[in-house]
Amino acid sequence: MSCPESRRVKVSRVRIDAFTHEIQAIENIVAQLQSDEDFRTDEFNRNQLQTEIRDRENDLSANIGDLKKTIKSLADAIAKIQGDCGHGGAAEEGIQCENEGCLLLIHCGVH
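Quick note, the sequence shown lines up with residues 1 to 111 if you use our numbering.
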């Protein structure tokens with residue numbers, strides 16, 4: 001080999017080495033971006049789950065509030081019926097359970 005050819009080989013090798021370094025840097029950036037994307041996806045899924053849990057808790061709290069109002073309304077109706085029957089004691093009440101529901105029976109003592 002002559003000197004000019006040897007110089008070209010060295011210059012080519014230097015360019016290839018520099019290009020290899022750039023390829024590695026780009027591959028590292030791509031790997032980091034994929035890792036960031038996985039993190040963002042996981043974070044999004046966690047946020048979605050937390051939102052669904054919070055919404056479910058809010059729905060349950062609203063249902064509990066509605067049920068408390070229904071219980072108070074029914075208790076007031078029972079007290080009114082007991083007053084109309086002339087009985088005020090809980091001894092006149094009974095609970096009859098059939099199937100999966102329960103029916104509150106109020107005995108007025110009328111024969």
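All C-beta atoms in this analysis are idealised placements derived from N, C-alpha and C, irrespective of residue type, glycine included. Since the structure is predicted, the reported quantities are computational estimates derived from the model, not experimental observations.
Quiz prompt | Separation of GLN50 from ARG40, as counted between CA atoms | solution = 15 Å
Quiz item: Cα separation between LYS72 and GLU52?
Solution: 30 Å
Quiz item: Quick one: what's got a C-beta closer than 7 Å to ALA79's C-beta in the same chain, skipping five residues either side?
Solution: none
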